[in-house]
Amino acid sequence: MAAPGGSSDAQRRARNAALKDYYGCKASSEMADNDLYNLNSPHFNPDMYLHQLIKESSLTDLMDTEANIYKQIQSLDSEMQTLVYENYNKFISATDTIRKMKVDFKKMEDEMERLAENMTHITAFSATVSDTLQVRRDEINKLSNTHVMLKKLQFLFELPAQLKDAIDKENYKQAVEYHLQSERVLEQYGTAPDTASLQGLRAESAQSITRLVAALQDRLQDDQATPEQIRESVQLLLQLGQPAEALCSRVIAHAQRRLAGDLAQLTSQVELARAAADSDRPAELRLHLPKDVLEFVDVDCSSFLSNLSLFVTSYKELFLEPKSRCPEAASRLSDCVRSQMDSLLSAVDSRLSLESAAGGAAVLARALDRLYRRLQASAAVLPEGDAYVRAGMELIGGATERRCRQSLSQLCAHLQQSLSAVRQALVVPAPAPSSAEPPPLAEQLATFLGGLAEQIRATVTDLKAFIQPELSFGVQARFRNTFCRQHVRETVVVGFFRHFVETCRGFCDAAGGEKTSPSVLLLLSRACRDLDTSTVHYLMNFVDDLLRIEDKSGLTPLADINSEVRAAGQQLINHFVRVQGLAVSQMLRKSVATRDWQHANEPRSVRSVMKRVVEELAMMDAQVGSVYEEGAARWEQHNSSDSSRRPYHGPGSQRQRHEWSSYAPSQVDSGLVANIQKLFSERIEIFAPVEFSKVSILTGIIKIALKTLLECVRLKTFSKFGLQQIQVDVYYLQVNLWRFIADEKLLHGLLDEVLGSAIHRCLQPALMEFSVVEALCDRG
C-alpha cells in the first residue's frame, strides 16, 4: 500500500509543480515547504489541517472556509481544463512529429546500411585495381612526363612560325603570350642534353621578338593610333622587358602630338574670330565664319579635355599604379599636363577676349558654365586638378570683367550717339516766346534722360545672366560678391556716371576744338540736375535690388555720385551763362567800339543793337524757361509795372541832374559823386555761380553783358549827343530787362554805373529831360 500512496503523492507534487511553473508561483522564499497547514505546501497534512480548523473555528467560519475551498477547487479545475484544451493541439502535433521522425529515421538507417555496403565494395575494388597497376605505375608516370615534355618541345619548335604568323596578323598580344610561355619552357629545360638545338630556337625567337618590339614601338609613333592601341602596346612592351622610362617618354610624346592637333583647332578658331572682328584682315579670311563661343567650348575645349583625361587615366594605370616601375613618371605627367592646360587656358582666354558684347551675356554665361563644369570633371583625373579649376575660375572672372568693361563702352557709345542726336535735333532756331509749339529742348531732354536710364537698366539686366542660380560658377559667393559689387556696380554703373560727368566737363573746356552749342550746354545742365535729384538714386537702387547688394561697405556712396553730377551740372550752367553772356557782350562791344561818339548826332530813337539785345535775351528766356522753373525774385510782381516807367535820373539826385545840365565839368567833381554812391551800394559779383532757375540764369547773362557795356563805355569819350544816346539806350534796357532779372536793384546799379561812366567820359555832360527820353523809347 505504501508504494501506491507514494506514487500518488509524487504525482500530486508533480502536478502542483507544473501548475506553479505555469502560473509563475515562487514558493521558495515566500512560504515554508515544511508548513503542514498550508494548502499549497508539498508537506500539507489534511488531517492536521482539518483538526486544527475544527478546533479553532466556529460553525460559521467552517462553513465560510468550506465555501471558499469549494470555489478554489472549481476555479482550479476550470483552469486545469483550459490548460489541457489549449495544449491539446500541441500534444497532437508533437505526437505526429515524433511518429514521422521514427519513420524517417528508419529510412535513413536503411540508406546508411546500403551506403556502408557500397563503400565496402568500392574499397575492395580499389584495392584490386591498385594491386593490378602497381607494377606499371612507374612506367605510366614516366611516359606521362615524357609526353608533357614532348608537347613543350613541340611548342618550342613551332614557336618561330607562330610568332611570325601572329606578328604578320598584328595579333601582338598573342605573340607576347607565345614568347612568355616559351621563356618559361626554355628556362626549365635550358640544361637539357639538346641545349644546342634549343639555343637555335631561342635565336629565332629573339629575332621575332625584336621585330615585335619594333612593330609596337612604331605604333607608339603613329599619330593615328587610338588610345586603346597605345595602351595595349605599352603593356606588351612592358611585358617584353622594355625600360619603363623610355616608354614613359614615348607615351607623353605621342599624347603631346595628338593634343597639339586639338590645340591647333582651338588656335584656328581664335584666328577666325580675330579675322572676323578685324575689318583690315584679307577678305578670304573673313569668309570663314568662326564657331560661336558656346560651340567653341562644347566641341573644341571638351574634345581637348576628354583626350587629355583619357591620356592621364591610361598613363596612371601604366606607370603610376606600379610605383616602382618608373619613379619619375609622376613628375613627368604633371609637367606635361601643366603645359597642355596652360596652352588650353591661353587659347580659351584669347577666344573669350574676342567675344563682343553684341551677342548678349546669356550665351557667354552658358559657355563659361560649361567650361567650368568640364574643368571640374577633369580635376578628378588630372594631377593638381584643383589648381586648374582655380585657374579656370580666374579666367571666368577676367572674362566677366572684360564683358562689364565692354558694357561700359557700349553705354559710353550710346551716350555719344544720344548727344549727336540731340545736337542734330537742336540745329533749329529757338522758338519765339509766344510760340504755341512745344519747346524741342524739353522733348529732347526727356528723350535723352529716358534713353540713358533704359540703356543702363537693360545693360545691368543683361549682365545678371552671369549670376543665375543654374550656373555652377555663378552661385559661388566670392565670384558673386566681386562681380556684383566691383564689376557691375562700380565698373559699369558708377563708371558710366563718372564718364558722363567727364563728358559734361569736356563741353566746358575752352581749349576744346569743337564749339558746343549753348542749347546742348543747357540740356546737359538740366540732365545733371535731374540725375542729381532723382535718376541716380533710382538707378543705383535698381542695381542694388536686382543684384541683391546689401553690404555697401567699400563701395562708392550715392552721395558722392550725386555730388559729382551736381558739380558737373553747376559747371555746365555757369559755362552756359558765360557763353551766352559773351555772345550778348560781343554785340554790345561792337556797337560801342565802331561808333564815333564825339561826333554823334542828336538821338532820335533807340539804337537797333539794343533792340537786338532785348530780342536775344527774350529768346534765351524762352529757351531756358523750357527746361528750368521760373525761380524766386527779390521784387514783387505788382510793383514791377511801376518800375518799368520810373523816371531814370542817373547817378545823382534831382538837384544834381539839373546841375549836370548847367555846369561845366570843371565845376563838378563827378568822380567824387560816383565814388560816394558806390560806398552805399552792394558789391556786384559778375561771374558768381548761378542757381538752377530761369531768373538766376538770365540774371547772370545780363550781368556779364552790362559789365561789358560798362567797360566799353569807360574806354570811349562822348560828346553831349553821345551821352544822351547812351542815356536813351540805358533807359530802354531798364524798361525791357527788368522782367528777366532776379534783383531790380542790381539792374539799376549796373545801369547807373554805365550812365555814370558815360557822364564821367563826356566832354559836355548834359542829360535829356525824362519825358523826351521816355518818348524816344516809346517810339522805338
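In terms of UniProt numbering, the sequence shown has 29 at position 29, counting the first letter as 1, and numbering is strictly consecutive.
Glycine included, C-beta positions come from ideal geometry on N, C-alpha and C.
Are the beta-carbon atoms of residue i and residue j separated by less than 8 angstroms?
i, j, result
"L344", "A330", "no"
"residue 850", "G700", "Lying outside 1 to 780, the shown extent of the chain, residue 850 is not represented and no answer is given."
"D262", "S303", "yes"
"T708", "R589", "yes"
"L522", "H575", "no"
"A705", "S585", "yes"
"F448", "S418", "yes"
"V606", "L767", "no"
"T267", "A347", "yes"
"L555", "R480", "no"
"L441", "Q623", "yes"
"I702", "L737", "yes"
"V773", "Q727", "yes"
"M620", "Q571", "no"
"R351", "F311", "no"
"V337", "L371", "no"
"V492", "C404", "yes"
"L220", "I230", "yes"
"I561", "V592", "no"
"V475", "L546", "no"
From residue i to residue j, what does the alpha carbon distance come to, in whole angstroms?
i, j, result
"H599", "H748", "28 angstroms"
"S407", "L308", "35 angstroms"
"Y663", "E616", "Because Y663 sits at a pLDDT of 31, beneath the cut-off of 50, its placement in the model cannot be relied upon, and the following sentence gives the value as read from the coordinates. If I take the Cα positions, the gap works out to 39 angstroms."
"A127", "V103", "37 angstroms"
"T482", "L395", "14 angstroms"
"R489", "V299", "34 angstroms"
"A742", "T533", "24 angstroms"
"K107", "F125", "27 angstroms"
"T95", "E86", "16 angstroms"
"K291", "A357", "16 angstroms"
"R478", "D369", "16 angstroms"
"L272", "D509", "43 angstroms"
"S233", "L259", "19 angstroms"
"P469", "R373", "14 angstroms"
I'd like the list of long-range same chain contacts for residue i, defined as Cβ closer than 7 angstroms, with 5 residues on each side in sequence excluded.
i, result
"I573", "S525, V690, F692 and I697"
"Q242", "V213"
"P193", "Confidence in P193 is poor, its pLDDT being 49 and thus under 50, which makes the residue's placement unreliable; the coordinate value appears in the next sentence. None."
"L375", "Y388, V389 and G392"
"R274", "L354"
"F740", "L617, D621, L698 and I702"
"E629", "S693 and K694"
Ignore the nearest five residues each way along the sequence and tell me which others in residue i's own chain have a CB closer than 6 angstroms to its CB.
i, result
"L36", "H43, N45 and M48"
"F680", "With a pLDDT of only 46 at F680, under the threshold of 50, the placement of this residue in the model should not be trusted, and no figure is reported."
"A465", "A361, A362 and A365"
"C762", "F718 and L723"
"G512", "Since pLDDT at G512 reaches only 48, below the 50 mark, its modelled position is unreliable, and the value read off the structure follows with that caveat. The answer is none, since no qualifying residue turns up."
Going by beta carbon distance, what residues of the same chain come within less than 8 angstroms of residue i, once the five residues before and after it are set aside?
i, result
"S378", "L305, L308, S309, G385 and Y388"
"F105", "none"
"V613", "V584, M587, L588, A705 and L733"
"F507", "T516, V520, L521, L524, L572 and H575"
"R604", "L776"
Applying the criterion that 16 or more other CB atoms from any shown protein chain within 10 Å of the CB defines a buried residue, is residue i buried or exposed?
i, result
"Y538", "exposed"
"D61", "exposed"
"R779", "exposed"
"R114", "exposed"
"G756", "buried"
"N541", "exposed"
"M112", "exposed"
"I98", "exposed"
"M101", "exposed"
"Q340", "buried"
"A264", "exposed"
"V270", "buried"
"P557", "exposed"
"D729", "buried"
"V84", "exposed"
Given 7 angstroms as the limit, tell me if residue i has its C-beta closer than that to any heavy atom belonging to the ligand SAM.
i, result
"L441", "Ligands in the displayed structure: none, and consequently the ligand SAM is not present."
Would you say the segment 357–373 touches the segment 447–458, given that touching needs at least three Cβ pairs under 8 angstroms?
no
With three or more beta-carbon pairs closer than 8 angstroms as the criterion, would you say the segment 493–501 touches the segment 393–413?
yes
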